[in-house]
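Participant: Below is the structure I would like to discuss, written out as structure tokens.
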Amino acid sequence: MKKFTNIALIAALISTVNLAFAETKAVTVAPAEKAKIEQVVKQYLSENPEIIIEAVQGYQRKQYEQAEQTVKQTQKNAPQYVDALFRQANDPIAGNPNGKVTVVEFFDYQCPHCVDMAPVIQDVVKANPEVRIVFKEFPIRGPISEYAARAALAANKQNKYVPFQHALLTSKQPLSQEVVLKIATETGLNVEQLKKDMHDESVNSQIKATYQLAQNLKLFGTPAFFIGKTNATKDNATINYIPGQLDKTQLQGEIDKASK
């Protein structure tokens, strides 16, 4: 009982300090009084460090529960966005364009988990002739990510998206504008045309559409996968949402599930 009384006292003291700082015009705490309060708080926490651990654990638990709820909501809402997910105009596609199962990946070139997924995706495409991969360029890690995404979408206009995208993801050098253009040259792209197309309105619109879709789906990171039958509609769609990295066995399992 004493412990809970002390906790209540500390909470009250902290609230007093916070109130004083939040409403400086209404309340003024003398420096000596402020120092005394801080000393009481410091002493209590040093004598009861488990309070800090409990607070951190409580915060982590709350964050996990919120993330779990977001995942459930995204899963529930995915069918209403099936057209934007599976059939958005100009989205780059790997594998069989007419495959019976569609795997959508939201990714960023500077996301280490997306980099790890590159060979997994490649292997899955080779092993599954009825799988269609839709790539959603979702640059959320800064200017270089966006530069690479624009370059890749421009490469799609030259029908070289897949080899260029894979080369970017598996680059041994950290990406920069120079490295992106170097890889473009090595991939056999017309670099001058690429640089023009990177700022084409269709590329702008595509990136904006992906950002909007991600916002609607409440995506909070990369990679993110949506897997279902290619012919799914809003009325009959069963789409599985998987946030985060998958290994080859896990991804194959999701594809097999969608094939049934």
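Residue numbering for the sequence shown follows my numbering, starting at 27 and increasing by one per position. Cβ coordinates follow ideal geometry from the N, Cα and C atoms, glycine included. No experiment lies behind these values; they were computed from the predicted model shown.
With contact counted as at least three CB pairs below 8 Å, one residue from each stretch, are the segment 119-138 and the segment 150-163 in contact?
Facilitator: A contact exists between the segment 119-138 and the segment 150-163.
Participant: Our contact map puts Gln278 next to Val188 with C-beta atoms below 8 Å; I'd like the distance itself, whole angstroms only.
Facilitator: The pair is not a contact, with the Cβ atoms about 20 Å apart (cut-off 8 Å).
Participant: Can Gln232 and Asn116 be called in contact, C-beta distance under 7 Å?
Facilitator: In contact: Gln232 and Asn116 (Cβ atoms closer than 7 Å).
Participant: Can you give me the C-alpha to C-alpha distance between Ile33 and Lys88, rounded to a whole angstrom?
Facilitator: Because Ile33 carries a pLDDT of 48, less than 50, the predicted location of this residue cannot be relied on, and no value is offered for it.
Participant: Can you tell me which residues form a DSSP beta bridge with Pro200?
Facilitator: Partner(s): none; Pro200 has no beta bridge.
Participant: Round the Cβ separation of Leu179 and Glu163 to the nearest angstrom and send it over; I've been treating them as touching at under 8 Å.
Facilitator: Sure, about 6 Å apart at Cβ, within 8 Å.
Participant: How do the segment 169-183 and the segment 139-148 stand: do at least 3 beta-carbon pairs fall below 8 Å, yes or no?
Facilitator: Result no; under three Cβ-Cβ pairs closer than 8 Å.
Participant: Excluding sequence positions up to five away, which residues of its chain have a Cβ less than 6 Å from the Cβ of Gln101?
Facilitator: Result list for Gln101: Tyr267, in chain order.
Participant: Would you please state the rounded distance, in angstroms, between the beta carbons of Leu215 and Gln191? I believe it to be under 8 Å.
Facilitator: Incorrect: roughly 12 Å between the Cβ atoms, too far for contact.
Participant: Go ahead and pull the three-state DSSP assignment for Phe164.
Facilitator: Residue state, collapsed to three classes: coil.
Participant: Identify which residue in Ile253, Glu94, Asp226, Lys152 has its Cα closest to the Cα of Pro105.
Facilitator: The shortest Cα separation from Pro105 among Ile253, Glu94, Asp226, Lys152 belongs to Ile253.
Participant: Could I get the ranges of all uninterrupted alpha helix (DSSP H) runs contained in the segment 201-285, with 4 residues as the minimum, in chain order?
Facilitator: Correct list: 203-212, 217-223, 227-243, 274-285.
Participant: If I'm right that Arg167 touches Asp134 with Cβ under 8 Å, what's the distance once you round it to whole angstroms?
Facilitator: That pair is a contact at about 5 Å.
Participant: Whole angstroms are fine: how far does the CA of Met224 sit from the CA of Glu94?
Facilitator: Their Cα atoms are separated by approximately 37 Å.
Participant: Cα separation between Thr248 and Ile209?
Facilitator: Using only the alpha carbons, I get a separation of about 23 Å.
Participant: With 16 as the cutoff for other CB atoms within 10 Å, does Val66 come out buried or exposed?
Facilitator: That one is exposed.
Participant: Below 8 Å on the Cβ atoms is my guess for Asp142 versus Gln276; work out the distance and round it to an integer in Å.
Facilitator: Actually they do not touch by this definition, with Cβ atoms about 13 Å apart.
Participant: I'd like the list of long-range same chain contacts for Phe251, defined as Cβ closer than 6 Å, with 5 residues on each side in sequence excluded.
Facilitator: The residues are Glu131, Ile268.
Participant: Measure the Cβ-Cβ separation of Ala235 and Val108 and say whether it is below 7 Å.
Facilitator: Cβ atoms of Ala235 and Val108: not closer than 7 Å.
Participant: Taking the alpha-carbon of Val229 as reference, which of Lys60, Lys62, Pro118, Lys274 has the nearest alpha-carbon?
Facilitator: For Val229, the nearest C-alpha among the options comes from Pro118.
Participant: Can you tell which of Lys186, Asp282, Pro165, Ser202 has its C-alpha closest to the C-alpha of Gln23?
Facilitator: Residue 23 is absent from the structure shown; the chain starts at 27 and stops at 286.
Participant: Reducing DSSP to helix, strand and coil, say where Ala153 ends up.
Facilitator: Three-state DSSP puts Ala153 in a helix.
Participant: Only counting the same chain, and skipping five residues up and downstream in sequence, which positions put a Cβ closer than 8 Å to that of Thr196?
Facilitator: Once the five neighbours on either side are set aside, the close Cβ partners of Thr196 are Val141, Ala144, Pro145.
Participant: May I ask you to report which of helix, strand or coil DSSP gives Ala181?
Facilitator: If DSSP states are grouped into helix, strand and coil, Ala181 belongs with the helices.
Participant: Please list the segments of the beta strand (DSSP E) lying wholly inside the segment 100-154, counting only runs of 3 or more residues, in order along the chain.
Facilitator: Within the segment 100-154, the complete beta strand (DSSP E) runs of at least 3 residues are 119-121, 127-133.
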